[in-house]
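Those letters in the sequence shown? Residues 1 to 335, by this note's numbering.
Structure first, then comments.
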Amino acid sequence: MINRILLSALCVAAIATPALANEVNVYSYREQKLIQPLFEAFTRDSGIKVNVISASSGLEQRIKTEGVNSPADVLLTVDVARLQDAIDADITQPIKSAALDKVVGSQYRDPAGNWYGISMRARVVYASKERVTQNAITYEELADPKWKGKICIRSGQHMYNNALFAAYLAKHGAAKTEEWLKGLKANLAQKPSGGDRETARDIAAGKCDIGIANTYYWALMNDKEAERKPWAAATKVILPTFQGGGTHVNLSGVVLARHAPNKANAMKLIEWLVGEHAQHMYAEMNYEYPLLAEIKVNPTIASYGTLKPDALPLAEIAKNKKAAANLVDKVGFDN
Ligand SMILES: [Fe+2]
1 MINRILLSAL CVAAIATPAL ANEVNVYSYR EQKLIQPLFE AFTRDSGIKV
51 NVISASSGLE QRIKTEGVNS PADVLLTVDV ARLQDAIDAD ITQPIKSAAL
101 DKVVGSQYRD PAGNWYGISM RARVVYASKE RVTQNAITYE ELADPKWKGK
151 ICIRSGQHMY NNALFAAYLA KHGAAKTEEW LKGLKANLAQ KPSGGDRETA
201 RDIAAGKCDI GIANTYYWAL MNDKEAERKP WAAATKVILP TFQGGGTHVN
251 LSGVVLARHA PNKANAMKLI EWLVGEHAQH MYAEMNYEYP LLAEIKVNPT
301 IASYGTLKPD ALPLAEIAKN KKAAANLVDK VGFDN
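What follows is the structure, given as structure tokens:
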């Protein structure tokens, strides 16, 4: 939900003193508890105050509606689909920064600079420690009939799965992807449901042997969520790869708002986000893979093995998201 009180207060402040205040306005889809410590650290490092508007949906539309008077400087979000949505809503402007280009590899940013990745997560396999002996797997193998009745997964239309399926489509083409989705569906133990944590829960309960989920959920359950620790304890994380490729990754990322009233501060924040301090926080607190090469991943994440990200640019994945969603409907994946 959008905090309307905060939003209107922010509008007044931004309109009253658009260029004078030493502040930056961030619209964010990220959980407050994840980003608040990050922004507090930025303020300590830079002296720039951060005003945050958090919401779980609709921020692109809000920025668009606010138009030239929008107080938004920066949009912080997860998933390349949402980063692409910002471009489609016409609320971005190109980010130009040699410092950013040095840290963020070309596969992790929009070719025209309209979004940049900040940190990375991988979509991996959770497997029963008890019932699954293998420690390597390909995404292609998930459609193998040997897994019949043994796979759990959340909705095929959820953005995390949509990006994975779009990557499959970019690599293999429509016909093979449709066949693979049919095979994967035929292997499901139950209708797609729940979230990534529930996939671990259902494996722990013996409903399925393997499932598909993001890297940080297992670490959160194992390290920080005592009541869900048994779900992590019953499962192991396998880093799958595409045949002849690497592991599918997605991004948390950032957009510079088209009419950013505090553009210079926004650029300072965006560059700070890929610096040592912030990248360390992303790795340790959010269990994400840092993009800054010299920052180590969290030890729990490191215990999965060495991530070899697939080389497909995230912008290519975004181009295939609609076609992937159509295929999911066509094969009745969620039915
Ligand atoms: Fe998530």
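The beta-carbon is built from N, C-alpha and C at its ideal position, and this holds for glycine as well.
Here the structure is a predicted model, which means the values were calculated and not measured.
Relative to arginine 258, the option among Trp115, Lys185, Thr43 whose CA is nearest is Trp115. Short of 7 Å from the beta carbon of alanine 112, and not among the five residues preceding or following it, lie these beta carbons of its own chain, in chain order: Pro94. Here proline 290 carries a strand assignment [DSSP, helix/strand/coil]. Taking each of Leu184, Leu256, Lys102 in turn and checking the Cα distance to proline 71, the smallest one comes out for Leu256.
For ligand 1, no non-hydrogen atom lies closer than 7 Å to the CB of asparagine 286. Inter-residue distance for alanine 323 and tyrosine 304 is about 31 Å (C-alpha atoms, whole angstroms). Taking all protein chains in view, the Cβ of arginine 44 is surrounded by fewer than 16 other Cβ atoms within 10 Å, so the residue is classified as exposed. For the region 245-311, the continuous beta strand (DSSP E) assignments of 3+ residues that do not extend past its boundaries occur at 249-256, in sequence order. A straight-line Cα-Cα distance of about 24 Å links glutamate 178 and alanine 136. A contact between stretches requires three or more CB pairs, one per stretch, nearer than 8 Å, and the region 238-255 meets this requirement with the region 120-136.
Here DSSP, grouped into helix, strand and coil, assigns serine 28 to strand.
The region 195-211 makes contact with the region 126-133; the number of CB pairs closer than 8 Å reaches 3 or more. With respect to glycine 245, aspartate 310 sits close: the two C-beta atoms are nearer than 8 Å.
Residue nearest to alanine 186 within the set Ala266, Gly156, Gly149 is Gly149 (criterion: CA-CA distance). Within the region 158-188, the alpha helix (DSSP H) runs of at least 4 residues that lie entirely inside it are, in chain order, 159-172, 174-186. Alanine 213 sits away from aspartate 202, with the two beta carbons spaced by 8 Å or more.
Collapsing the DSSP output to three states places glycine 211 in a strand.
Shown here for alanine 318: same chain residues with a beta carbon closer than 6 Å to its own, the five before and five after excluded, namely Val80, Gln84 in chain order. Ranking Val74, Ala167, Glu31 by CA distance to the CA of asparagine 51 puts Val74 first.
Distances from the CA of leucine 239 to each of Ala86, Ala302, Cys152 were compared; the closest alpha carbon is that of Ala302. Closest in C-alpha terms to glutamine 32, from the list Glu23, Gly173, Val24, Ile53, comes Ile53. Residue environment for aspartate 110: buried (at least 16 other C-beta atoms within 10 angstroms of its C-beta). Note on geometry: alpha-carbon atoms of glycine 183 and leucine 142 lie some 8 Å from one another. The Cβ-Cβ distance between leucine 34 and methionine 221 does not fall below 8 Å.
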